[in-house]
Amino acid sequence: MHAPIWAVSCSGSHCVNTFFVTVNVVTVVVEVVVVVAAAMVVVYGNHFTVLSHRDLDL
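FYI, the working numbering numbers position 18 of the sequence shown as 115, with every residue one higher than the one before it.
Below is the structure:
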């Protein structure tokens with residue numbers, strides 16, 4: 098079995114700290130992706146709404 102990536106440079110509790118840092122980074126990345134996706138939905142949702150209103154005006 099290969100050692101987990103976070104345990105490669107291991108010195109005492111450093112492994113645990115690195116593991117938690119990795120988890121925190123992954124959590125932040127996931128949150129950023131969710132926020133960006135939500136923002137895109139809002140922006141494109143408004144864009145499509147404007148387009149449909151424009152079509153109705155025609």
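Glycine included, C-beta positions come from ideal geometry on N, C-alpha and C.
- For VAL138 and ASN114, the gap between their C-alpha atoms comes out near 36 Å.
- Each residue's CA atom was taken as its position, placing VAL132 and VAL126 some 10 Å apart.
- In this structure, the CA atom of GLY142 is about 30 Å from the CA atom of VAL122.
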